Amino acid sequence: MGGTGTVFRAFLKLGLTAFGGPVAHLGYFRTEFVQRRGWLSEADYADLVALCQFLPGPASSQVGFAIGLWRAGWTGALAAWAGFTLPSALLLLAFALLRPVLDGPLADGVVHGLKLVAVAVVAQAVWGMAPSLAPDRQRAGIAVLAAAACLLLAGAGGQMLAIAGGGGLGLALCRTGNAPGAMQMRFNVSRTTGLLCLGGFALLLAGLPMLAALANNQALSLFDGFYRAGALVFGGGHVVLPLLDAETVARGWVDEAGFLAGYGAAQAVPGPLFTFAAYLGAIGQTPPNGAVGAAIALAAIFLPGMLLLVGVLPFWNGLRRRLWGQAALRGVNAAVVGILGAALYDPVFTSAVRGPLDLVLAVAGFVALVNWKLPPWAVVVALAGLGAILARAGL
392 MGGTGTVFRA
402 FLKLGLTAFG
412 GPVAHLGYFR
422 TEFVQRRGWL
432 SEADYADLVA
442 LCQFLPGPAS
452 SQVGFAIGLW
462 RAGWTGALAA
472 WAGFTLPSAL
482 LLLAFALLRP
492 VLDGPLADGV
502 VHGLKLVAVA
512 VVAQAVWGMA
522 PSLAPDRQRA
532 GIAVLAAAAC
542 LLLAGAGGQM
552 LAIAGGGGLG
562 LALCRTGNAP
572 GAMQMRFNVS
582 RTTGLLCLGG
592 FALLLAGLPM
602 LAALANNQAL
612 SLFDGFYRAG
622 ALVFGGGHVV
632 LPLLDAETVA
642 RGWVDEAGFL
652 AGYGAAQAVP
662 GPLFTFAAYL
672 GAIGQTPPNG
682 AVGAAIALAA
692 IFLPGMLLLV
702 GVLPFWNGLR
712 RRLWGQAALR
722 GVNAAVVGIL
732 GAALYDPVFT
742 SAVRGPLDLV
752 LAVAGFVALV
762 NWKLPPWAVV
772 VALAGLGAIL
782 ARAGL
């Protein structure tokens, strides 16, 4: 099948070069592992992508973890995750550590430019997700209700209500279509292992908040906040933004300007967007922060998605053939559009756009991404540079 070192080198190459977000990452994976290396068939890869899109968590990272598990066992799974994740995590940690020494009007201009990048990128995400995830009246209505829940009930509570409500409304309103066929791939994961992982996922999700409160320990609170964000992200990628905002900015761990600047910078690095957590863990105002905080946040945000993936693998063929599961997922995915739409307004737009010129730059960034098809890193460089120029000109 191939060794752990081969898996690590293959994913390290992707971790250094895979720009463009989770959808683009899945395209890179298909090119590398289906077409070039022949590790998986087209049908196996499509089944694996369907599984990971069904689950909460970072879909592209889950697909990579599963390919590593399929190819070289548990060490291969960890090697795949490390190779794909660490390059962008280290780059964002470096940005976090250097940010305090980058002071003055020019640095402020760059940071403001990065905040405008966030407006363009999140608007692009909403624009791209809405036609596929909320294509009919029922799901569009679920998206509107989810946005209302998030805007009227601030913090994690509104987002959890939106996700739960979306699933419930999906069960009632979205029972259409046929169940897909059985998955052909077979992983060496027993039902006992699967149940232990599912139990661990639930135990940590329910128990970490109580443990953190009883211990009054910031490291535990940090792990709890990022674990919860990773556990509730349906759709991966940019959907993590509002959840992380609720777990960091709303709790006073990170200021809004630093949060959005880091999110903008995250668009300029390859690999999974979830590595934004490393930046947030590093800039936290209360220890542990720095490299230790980055490591805690990074481990916590990826752990729930991987526990769920391994937990569901032995049971997936039975689950995916049940229409109720597909209906609930349709509702949750529609709610994701509303959650991200609410985040586009607050905090992204309200924190970044201070006047007409900012709006013009944000719209220009959006057009560059959607119509001109420029890569995100090019838009990052352009808007950060324009932010520095305008700051120097006093605008």
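For our numbering, add 391 to where a residue sits in the sequence shown, where the first one is 1. Glycine included, every Cβ here is placed at the ideal spot set by N, Cα and C. As the structure is a prediction and not an experimental result, all values here were calculated from the model.
- Item | 7 Å CB neighbourhood of F456 in its chain, flanking five on each side removed | Against the sequence shown, residue 456 aligns to sequence position 65. If we look at F456 and ignore the five residues flanking it on each side, its Cβ neighbours are A468, A471, W472, M697 and L700.
- Message: For the ligand PLP, is there any heavy atom lying closer than 7 Å to the beta carbon of A534?
- Response: Here there are no bound small molecules, and the ligand PLP is not part of this structure.
- Classify A603 as helix, strand or coil using the three-state DSSP reduction. Residue 603 sits at position 212 when you count from the first residue of the sequence shown. A603 carries a helical assignment under DSSP once its states are collapsed to helix, strand and coil.
- Helix, strand or coil at F445 according to DSSP, with G and I counted as helix: Position 54 of the sequence shown, counted from the first residue, corresponds to residue 445. F445 falls in the helix class under three-state DSSP.
- Item | F456: first and last residue of the uninterrupted alpha helix (DSSP H) it sits in | Here the question's residue 456 lines up with position 65 in the sequence shown. That run of the alpha helix (DSSP H) goes A450 to L489.
- Item | Distance between P526 and T397 (C-alpha atoms, nearest Å) | Within the sequence shown, the letter at position 6 stands for residue 397. Within the sequence shown, the letter at position 135 stands for residue 526. Approximately 41 Å, taken between the alpha carbons.
- Task: Between the Cα of L774 and those of D615, Q658 and N680, spot the shortest distance and give me the residue it belongs to.
- Result: By 1-based counting over the sequence shown, the position of residue 774 is 383. Distances from the CA of L774 to each of D615, Q658 and N680 were compared; the closest alpha carbon is that of Q658.
- Go through the segment 710-738 residue by residue and report every complete run of the alpha helix (DSSP H) that reaches 4 residues or more, in order. Listed in chain order, the complete alpha helix (DSSP H) runs (minimum 4 residues) inside the segment 710-738 are 714-734.
- Message: With three or more beta-carbon pairs closer than 8 Å as the criterion, would you say the segment 757-769 touches the segment 594-606?
- Response: No: the two stretches stay apart, fewer than three of their Cβ pairs being nearer than 8 Å.
- Between G655 and the rest of its own chain, which residues show a CB-CB distance below 7 Å, the 5 nearest in sequence each way excluded? The residue labelled residue 655 in the question sits at position 264 within the sequence shown. Correct list, in chain order: L505, K506, V508, A509 and V771.
- Query: Is F424 helix, strand or coil by DSSP?
  - Reply: Taking the sequence shown and counting its residues from 1, the one referred to as residue 424 is at position 33. It is helical.
- Message: Closest to A450 by C-alpha separation, out of L482, P478, F693 and F424, would be which residue?
- Response: In the sequence shown, residue 450 corresponds to position 59, counting from 1. Answer by Cα proximity: F693.
- Message: To the nearest angstrom, how far is the alpha carbon of F740 from that of A733?
- Response: For the purposes of this step, residue 740 is taken as the residue at position 349 of the sequence shown. For the purposes of this step, residue 733 is taken as the residue at position 342 of the sequence shown. Separation of F740 and A733 (C-alpha to C-alpha, rounded to the nearest whole angstrom) is 10 Å.
- Message: Check for me: the alpha helix (DSSP H) holding L396 runs from which residue to which?
- Response: If you number the sequence shown from 1, residue 396 lands on position 5. Note on identity: in this sequence residue 396 is Gly, with Leu being the wrong assignment. Where G396 is concerned, the enclosing alpha helix (DSSP H) stretches over T395 to T408.
- From what residue to what residue does the alpha helix (DSSP H) around P767 run? For this step, residue 767 is matched to residue 376 along the sequence shown. Under the DSSP assignment, P767 falls in the alpha helix (DSSP H) whose first and last residues are P767 to R783.
- Query: What distance in whole Å lies between the Cβ atoms of G653 and A409, which are believed to be in contact at a cut-off of 8 Å?
  - Reply: Mapped onto the sequence shown, residue 409 falls at position 18. Mapped onto the sequence shown, residue 653 falls at position 262. Contact flag wrong, Cβ pair sits at about 20 Å.
- Query: In three-state DSSP terms, what is T567?
  - Reply: Sequence index remark: in the sequence shown, residue 567 carries index 176 (1-based). Assignment of T567 by DSSP, reduced to helix, strand and coil, places it in the coil class.
- Thinking just about the alpha-carbon of each residue, which of S452, P496, F424 and A610 is nearest to the one in R462? The sequence position of residue 462 within the sequence shown is 71, counting from 1. Distances from the CA of R462 to each of S452, P496, F424 and A610 were compared; the closest alpha carbon is that of F424.
- Task: From the DSSP output, in three-state form, read off W763 for me.
- Result: Sequence index remark: in the sequence shown, residue 763 carries index 372 (1-based). Three-state result, W763: coil.
- Task: Return yes when the Cβ of F614 is within less than 8 Å of the Cβ of I687, no when it is not.
- Result: The residue labelled residue 687 in the question sits at position 296 within the sequence shown. The residue labelled residue 614 in the question sits at position 223 within the sequence shown. Yes, Cβ-Cβ distance for I687 and F614 is below 8 Å.
- Task: If I'm right that N724 touches L524 with Cβ under 8 Å, what's the distance once you round it to whole angstroms?
- Result: Here residue 724 corresponds to residue number 333 of the sequence shown, with the count starting at 1. Here residue 524 corresponds to residue number 133 of the sequence shown, with the count starting at 1. The Cβ separation is near 4 Å, so the contact holds.
- Task: Note down the Cα distance separating P447 from A784, rounded to an integer number of angstroms.
- Result: As a position in the sequence shown, residue 447 is number 56, starting the count at 1. As a position in the sequence shown, residue 784 is number 393, starting the count at 1. Roughly 45 Å separates the two Cα atoms.
- Among V624, L777, A437 and V751, which residue has its Cα nearest to the Cα of G418? Within the sequence shown, numbered from 1, the residue matching residue 418 stands at position 27. Of the candidates V624, L777, A437 and V751, the one whose C-alpha sits nearest the C-alpha of G418 is A437.
- Message: Output needed for E638: all residues of its chain with C-beta closer than 6 Å, excluding positions within five of it in sequence on either side, in chain order.
- Response: Walking along the sequence shown from the start, residue 638 turns up at place 247. Excluding five sequence positions before and after E638, the CB atoms of its chain that fall closer than 6 Å to its own CB belong to G616 and A620, given in chain order.
- For Q676, count neighbouring Cβ atoms within 10 angstroms of its own Cβ and tell me buried if that reaches 16, exposed if not. For the purposes of this step, residue 676 is taken as the residue at position 285 of the sequence shown. With fewer than 16 other Cβ atoms within 10 Å, it is exposed.
- Query: Would you report the Cα separation of G561 and I533, rounded to the nearest angstrom?
  - Reply: Counting from 1 along the sequence shown, the entry for residue 561 is found at position 170. Counting from 1 along the sequence shown, the entry for residue 533 is found at position 142. Their backbone Cα atoms lie some 8 Å apart in a straight line.
- Query: If you draw a straight line from the C-alpha of R427 to the C-alpha of A401, how long is it?
  - Reply: Residue 427 sits at position 36 when you count from the first residue of the sequence shown. Residue 401 sits at position 10 when you count from the first residue of the sequence shown. R427 and A401: Cα-Cα distance of roughly 11 Å.
- Query: Near L786, what residues of its chain come up, given a Cβ to Cβ distance below 7 Å and the 5 sequence neighbours on each side ignored?
  - Reply: On the sequence shown, residue 786 is found 395 positions in, with the first residue counted as 1. Hits under 7 Å: L748.
- Message: Going by C-alpha to C-alpha distance, which of L589, L599, D646 and S612 sits closest to P790?
- Response: The structure shown does not extend to residue 790, since the chain is modelled only from 392 through 786, so no value can be given for it.
- Message: Assuming L632 and Q550 are in contact, meaning their beta carbons sit under 8 Å apart, how far apart are those beta carbons, in whole angstroms?
- Response: Numbered from its first residue, the sequence shown carries residue 632 at position 241. Numbered from its first residue, the sequence shown carries residue 550 at position 159. Incorrect: roughly 11 Å between the Cβ atoms, too far for contact.
- Message: Assuming the contact rule is C-beta atoms closer than 8 Å, L406 and T476 should be a hit. Round their C-beta distance to whole Å, please.
- Response: For the purposes of this step, residue 406 is taken as residue 15 along the sequence shown, with counting starting at 1. For the purposes of this step, residue 476 is taken as residue 85 along the sequence shown, with counting starting at 1. It is Gly, not Leu, that sits at residue 406 in the sequence shown. The C-beta distance from G406 to T476 rounds to 7 Å, short enough to meet the 8 Å contact threshold.
- Task: In the DSSP assignment, find the unbroken alpha helix (DSSP H) run with D527 in it and report its ends.
- Result: Within the sequence shown, numbered from 1, the residue matching residue 527 stands at position 136. Premise fails: D527 is in no alpha helix (DSSP H) and is neither H nor E.
- Message: Residues in the same chain with beta-carbon distance under 7 Å from M392, minus the five sequence neighbours each way, listed in chain order, please.
- Response: Numbered from 1 along the sequence shown, position 1 holds the residue referred to as residue 392. In this prediction, M392 has a pLDDT of 49, which is less than 50 and means its spatial position is unreliable; nothing more can be read from the coordinates.
- Message: Which residue wins for smallest C-alpha separation from A415, given the options F399, S452, L431 and G585?
- Response: Against the sequence shown, residue 415 aligns to sequence position 24. For the set F399, S452, L431 and G585, the Cα lying nearest the Cα of A415 is the one of S452.
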